[in-house]
């Protein structure tokens with residue numbers, strides 16, 4: 001299976017990514033030790049060796065530390081690399097396959113994904129914030145799907161398709177979490193896409 005193409009990044013952007021990753025990793029360690037609610041932002045900053053203002057520059061809220069990742073540009077690049085004549089859902093499913101295959105080769109990234117989903121499932125504030133943050137991923141998909149189909153970004157059909165995909169992915173991740181985080185995640189995502197493509201038909 002081919003790996004997902006990675007968008008080119010300059011030195012400054014790579015430094016920003018490393019800082020975000022350091023903050024997230026420090027936060028996850030503390031959340032594991034103390035719990036989400038008991039962990040303060042200044043403690044996360046100290047563990048990541050940055051200032052509290054730096055934490056807030058990258059993550060407006062503590063919940064955003066859990067919900068933010070670097071995957072949107074990777075998924076966008078993988079989607080744009082798909083053949084132009086593929087239907088949007090087919091292209092998006094194939095792009096996710098490539099991205100998930102690459103992620104699963106990185107044990108630390110898989111561990112972080114499982115930690116994130118356990119927190120989403122157990123902390124109401126994160127769950128509430130998740131629905132607000134989905135809009136950022138929606139913007140990425142809006143642009144890529146509009147480009148593939150030749151439609152305007154604000155087109156109603158594009159908005160409906162994007163919303164349906166994001167809703168399906170969210171529910172797939174929550175189902176995966178509720179089932180213990182051990183099922184094949186790509187199989188769960190494939191099931192979600194089959195529902196989008198064919199409804200509840202067997």
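In full-length UniProt numbering, the protein residues as written are 1 to 202. Glycine included, every Cβ here is placed at the ideal spot set by N, Cα and C. In this text, all values refer to a predicted model and were calculated from it rather than measured experimentally.
Query, Result
"Would you identify the three-state DSSP class for residue 189, choosing helix, strand or coil?", "helix"
"May I have the straight-line CA-CA distance separating residue 44 from residue 187, to the nearest angstrom?", "35 Å"
"Does residue 31 come out as helix, strand or coil in the three-state DSSP assignment?", "helix"
"Give every residue of the same chain whose Cβ lies closer than 7 Å to the Cβ of residue 63, excluding the five residues on either side of it in the sequence, and list them in chain order.", "125, 126, 129"
"Mind checking which residues open and close the alpha helix (DSSP H) that includes residue 167?", "156–178"
"Indicate the three-state DSSP secondary structure (helix, strand or coil) for residue 36 in the structure shown.", "coil"
"Using beta carbons (cut-off 8 Å, strictly below), is residue 155 in contact with chain B?", "No chain B appears in this structure, which consists of one protein chain only."
"Can you tell me whether DSSP reads residue 106 as helix, strand or coil?", "coil"
"Within the same chain, show all residues whose beta-carbon is closer than 7 Å to that of residue 92, passing over the 5 residues directly before and after it, in chain order.", "79, 165"
"Would you tell me roughly how many angstroms separate the C-alpha atoms of residue 16 and residue 39, rounded to the nearest one?", "23 Å"
"Excluding the five sequence neighbours on either side, which residues of its own chain have a C-beta within less than 8 Å of the C-beta of residue 158, listed in chain order?", "142, 145, 146, 149, 151, 152"
"Between which two residues does the alpha helix (DSSP H) containing residue 54 stretch?", "52–58"
"Would you give the residue range spanned by the alpha helix (DSSP H) that residue 182 belongs to?", "From DSSP, residue 182 is part of no alpha helix (DSSP H); its letter is neither H nor E."
"Indicate whether residue 69 and residue 136 have their beta-carbon atoms separated by less than 8 Å.", "no"
"Is the region 41–55 touching the region 95–110 in the sense that three or more CB pairs, one from each, lie closer than 8 Å?", "no"
"Let's see if you can read the secondary structure: which residues bound the alpha helix (DSSP H) around residue 49?", "Where residue 49 is concerned, there is no enclosing alpha helix (DSSP H), given that its DSSP letter is neither H nor E."
"Could you tell me which whole alpha helix (DSSP H) segments of length 4 or greater appear in the region 112–149?", "124–149"
"Where does residue 12 land, buried or exposed, given buried means 16+ other C-beta within 10 angstroms?", "exposed"
"Specify the secondary structure class of residue 88 as computed by DSSP and reduced to three states.", "helix"
"Who are the near neighbours of residue 177 in its chain, counting only those whose CB is closer than 6 Å to its CB and skipping five residues on each side?", "117, 121"
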